[in-house]
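Asker:
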Amino acid sequence: MRVASGIAAFMCLLWPGAVLALCDVTYKVQPGDTLFSIAEQHYEDREKWTLIYYSNQDALGGIDSLAPGLDVYIPCPADHAEPDATPLRQAGAGMVLLTGGNYAPFVDKSWPGEGMVTELVNAALELSPSPVPYEVVWEGDWGQHLFPLLDDKTYDMGFPWLKPDCTELPENELCARFHFSEPLMDLPIMLFKREDSALVYDSDADIPGRTLCRPAGYFTHDLDRADRRWLSEGKITLVQPDSPEACFEALMQGEVDAVTVNVFLGATKIVTMGLRGRVVPIDRPLSRENLYVVISKTHWRGTTHLYRINAGLEALRESGRYQEIVNKHLEIFWDRLK
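Taken in order, the sequence shown gives residues -21 to -1, 1 to 317; the numbers are from mature numbering (1 follows the signal peptide of the UniProt record, and there is no 0).
(1) Would you tell me roughly how many angstroms separate the C-alpha atoms of G73 and Y113, rounded to the nearest one?
(2) Is the CB-CB distance between L202 and V272 below 8 Å?
(3) Does the region 279 to 293 come within contact of the region 99 to 106, defined as at least 3 CB pairs closer than 8 Å?
(4) Helix, strand or coil for E234 per DSSP?
(5) From the DSSP output, read off the bridge partner residues of K172.
(6) How far does the alpha helix (DSSP H) with M95 in it reach, from first residue to last?
(7) Check H278 in the structure and name its three-state DSSP category.
(8) Strictly by DSSP, which residues pair up with L270?
(9) Between the region 170 to 179 and the region 243 to 261, are three or more C-beta pairs nearer than 8 Å?
(10) From the DSSP output, in three-state form, read off E293 for me.
(11) Report the option in P62, F157, R25 whose CA atom is closest to the CA atom of F126.
(12) Could you give the DSSP three-state label for Y134: helix, strand or coil?
(13) Does V82 come out as helix, strand or coil in the three-state DSSP assignment?
(14) Do three or more CB pairs link the region 178 to 191 to the region 276 to 289 at distances below 8 Å?
(15) For Y52, tell me which candidate among D183, L30, M95, V305 has the shortest Cα-Cα distance.
(16) Starting from E212, trace the beta strand (DSSP E) in both directions and tell me its first and last residue.
(17) For G245, count neighbouring C-beta atoms within 10 Å of its own C-beta (all shown protein chains included) and say buried if the count is 16 or more, exposed if not.
(18) What does the alpha-carbon distance come out to for the pair P223 and R204?
(19) Could you tell me the distance, in whole angstroms, from the CA atom of L67 to the CA atom of V111?
(20) Per DSSP, which one or two residues make a beta bridge with F157?
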């Protein structure tokens, strides 16, 4: 069952360059549906499932919650609008945030708005209570960000960073040394398999005995959380070469069952390595991570600075502008991969 209007259908006929199926409507999930199949129905493009995913965070809760009868909102692809003005962002300001490049679509100087997360942080700080001027500094060496630059408080806050399971791993260096903001955005971690592979992932029971590939230096806490223990109990083999490209090469050689990286990185590598149609994502994310702003626990204004970020994010979500920014960058990302 689809809930749609005659006006929307009429507009699709008048505007053949737009998506051929209906958008700005509510769709009732049918048995067997996935976000991929729903995107195929409404956008004629399975890759745009992320538009639906990010527009239904409250309804979905988790990807496993896509139950028959659930109503999901189908957004229209966003226009590539210019980023909001940032009058508070000033060189030499008293509050300084640290980020780095080459991490599109999240943070990248060459990306519109300097990246999705950069634009979200800018917008949140502009909407924060008692807003103050701030500066964003770019450092290309990500390995220097947390230690020493943020730990030593050379800069006040940094973004975007993943958060380990600090309840499970309180001794983790990030958990011990840094406070985390409220989540900036949710990040699906996918399994990418060869198109001719019989691998399925309907539940965690499908993974033990498999060989997965994730590049060296990438987080692995999602593979060894309390309800999995895939690594510590030797339930899977994890291959960790030097690069994402090496993982996908191993996949094509039949050396691993799947590559597991975030949806954006995986999609980018599939295109740049000429693997479209030969490597596909499994419909169900392996895990969901979040990106955060971090600040040293010893920063004398840590509570105040985090409050500004968190309150600004809340205002941004309530205004609807948060979703507009995310949808815009998703559309830019998928368009660039065509």
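Where is the CB? At the ideal position from N, CA and C, for every residue including glycine. Here the structure is a predicted model, which is why all the values come from computation and not from measurement.
Answerer: Short version:
(1) So the two alpha carbons sit approximately 6 Å from each other.
(2) No. Outside cutoff.
(3) In this structure the region 279 to 293 lies against the region 99 to 106, because at least three pairs of beta carbons, one per stretch, are closer than 8 Å.
(4) DSSP places E234 in coil when its eight states are reduced to three.
(5) According to DSSP, K172 bridges with V259.
(6) Note, M95: alpha helix (DSSP H), 95 to 106.
(7) In the three-state DSSP reduction, H278 falls in the coil class, being neither helix nor strand.
(8) Partner residues in the beta bridge of L270, as assigned by DSSP, are L141, M164.
(9) Here the region 170 to 179 makes contact with the region 243 to 261; the two share three or more CB pairs at distances below 8 Å.
(10) Here E293 carries a helix assignment [DSSP, helix/strand/coil].
(11) Comparing Cα-Cα distances from F126 to each of P62, F157, R25, the minimum goes to F157.
(12) Of the three classes helix, strand and coil, the one that applies to Y134 here is coil, per DSSP.
(13) The residue you asked about is not Val; residue 82 is Tyr in the sequence shown. In this structure, Y82 counts as strand in the three-state DSSP scheme.
(14) Counting Cβ pairs under 8 Å, fewer than three are found: no touch.
(15) It is L30.
(16) Neither: E212 is in no beta strand (DSSP E) and is coded neither H nor E.
(17) When all chains shown are included, G245 counts as buried.
(18) So the alpha carbons of these two residues sit roughly 23 Å apart.
(19) L67 and V111: Cα-Cα distance of roughly 7 Å.
(20) Beta-bridge pairing by DSSP links F157 to S275.
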